[in-house]
Amino acid sequence: MTSGCDILYVITDLDIGGVPLHLFRLATAMRDRGKRVLVVSLSPPGPVGERLRGAGVEVLSCEAAGGWDVRVFSRLARIIRRAQPGLVHALLFHANLAAKVAARLARHPREQVLCEIQTVEIERRWHLIVDRWSHGGCRATIGNSPSVVEHLAREARIPAEKLRLVRGGVDVEALALVPAADRAALNLAPDDRILLWAGRLDPIKGLDVLLRAFVRISAEVPEAVLLLAGDGALRGSLASQASALGIAERVRFLGMRRDVPSLMKIAEAFVFPSRTEGLPNAILEAFACGCPVVTTDAPGCRDLVTSGVTGLGTRVGDEVGLAEAAIRIMSDKSLASFLAARARHEVSTNWHFSRTIEAYDHVYAELEA
């Protein structure tokens, strides 16, 4: 490791997921802009860490043995002392806390510590208490959507002057060039009509609601097939629920996939029934891929989807509304085309990753001033 990097990024892990992939895009973009970048994962590097190394970005690990391995504080402090970064930018709860503590141990100025939160936390509310207690350990906290920033101000009581909004974004042009998935490779029949979901199999994602909604969808559209791209602890219980509902033959658990945009190119709708989100990149990817979106009015989702304009929205937990919205899109091609076109314009105009990088540049310059 060489000393004198411009930006030291700290993240909880570098497994496949929305925030690690976001960091991959951010770190490589800053490197391409001439910044000397170092990425530190609290956990072993994981697949995104290997991708970063393959792209020429240095990656280190604190080799945490679990979420509360306190040895990461001293290990990260040693890295900060050696690297002497101009800025420490942490992402995700554990990394944020570790960066604040480690910077203090390393006697690194807190004015050069930036934290980022990408979640509207409704389950582990004690996270909000820790965020409130520890916000003095950094200069500012970034939220990646209006819902996140509002939540941090209201629930974590982080002062407004310490909050910054940096809207997430996607590479619209690259996603437009992604080829459609091979239906035959997925064992899809020519007349199968695809609904897609992608993400982490987690209770906050509302997949129990989606499976119940799919009972209604498949009764109305017998050719419908539901593809679930992702993995997680709930896979077994969700498979059991699908069997109990009698839809197991029409629901495909694909596991973790790296070709979700290609899957979006063959889906008639992307159905995203989350109970809460920070900013769902998957919806932005669906916008860019021309796949109509059905989602809920959960935080994060409502920042992106205006119902009847850029997608169709339902109430959180409303399986009937979710089913009816999906059926509307599958039965009305003109509506589907309208929603897809407006969504593509929305993502190109307001959620392009180039604008995200410009916003980070602005925040970084503010901290360096």
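The opening residue of the sequence shown carries number 14 in this note's numbering; numbering runs sequentially from there.
For every residue, glycine included, the Cβ atom is placed at its ideal position computed from N, Cα and C.
Residue i versus residue j - alpha carbon distance
i, j, result
"E281", "S344", "10 angstroms"
"A77", "A338", "44 angstroms"
"E236", "R206", "6 angstroms"
"G181", "T369", "6 angstroms"
"D244", "R213", "6 angstroms"
"A349", "P305", "6 angstroms"
"G47", "L208", "42 angstroms"
"S231", "F283", "16 angstroms"
"R341", "V183", "27 angstroms"
"M277", "G17", "42 angstroms"
"L197", "I279", "The amino acid at residue 197 is misidentified as Leu; the sequence shows Ala. Distance between the alpha carbons of A197 and I279: 12 angstroms."
"G259", "I29", "31 angstroms"
"T323", "I92", "45 angstroms"
"T319", "G330", "18 angstroms"
"N157", "N109", "15 angstroms"
Nearest-angstrom Cβ-Cβ length linking residue i and residue j, presumed shorter than 8 angstroms
i, j, result
"L251", "L220", "6 angstroms"
"I20", "P98", "6 angstroms"
"H102", "E124", "In fact, because the Cβ distance is near 13 angstroms, the residues do not count as touching under 8 angstroms."
"R177", "A202", "Their Cβ separation, rounded to whole angstroms, is 49 angstroms, which puts R177 and A202 out of contact at 8 angstroms."
"G313", "T289", "7 angstroms"
"V307", "R229", "About 13 angstroms; that fails the 8 angstroms criterion."
"V179", "V376", "6 angstroms"
DSSP three-state assignment for residue i, whether helix, strand or coil
i, result
"R8", "Past the edges of the chain, shown from 14 to 382, lies residue 8, and the structure says nothing about it."
"G150", "helix"
"A121", "Looking at the sequence provided, one finds His at residue 121 rather than Ala. If DSSP states are grouped into helix, strand and coil, H121 belongs with coil."
"G326", "strand"
"W139", "helix"
"V228", "helix"
"E134", "coil"
"V61", "helix"
"E236", "coil"
"E71", "strand"
"V307", "strand"
"C314", "helix"
"A282", "strand"
"L190", "coil"
Residue i burial status per 10 Å Cβ neighbour count (16 or more: buried)
i, result
"S253", "exposed"
"I296", "buried"
"T362", "exposed"
"D26", "buried"
"D144", "buried"
"W364", "buried"
"S287", "buried"
Counting beta carbon pairs with one atom in the stretch 80–98 and one in the stretch 45–62, are three or more of them shorter than 8 angstroms? yes
Does the pairing of the stretch 192–208 with the stretch 150–169 give three or more beta-carbon distances under 8 angstroms? no
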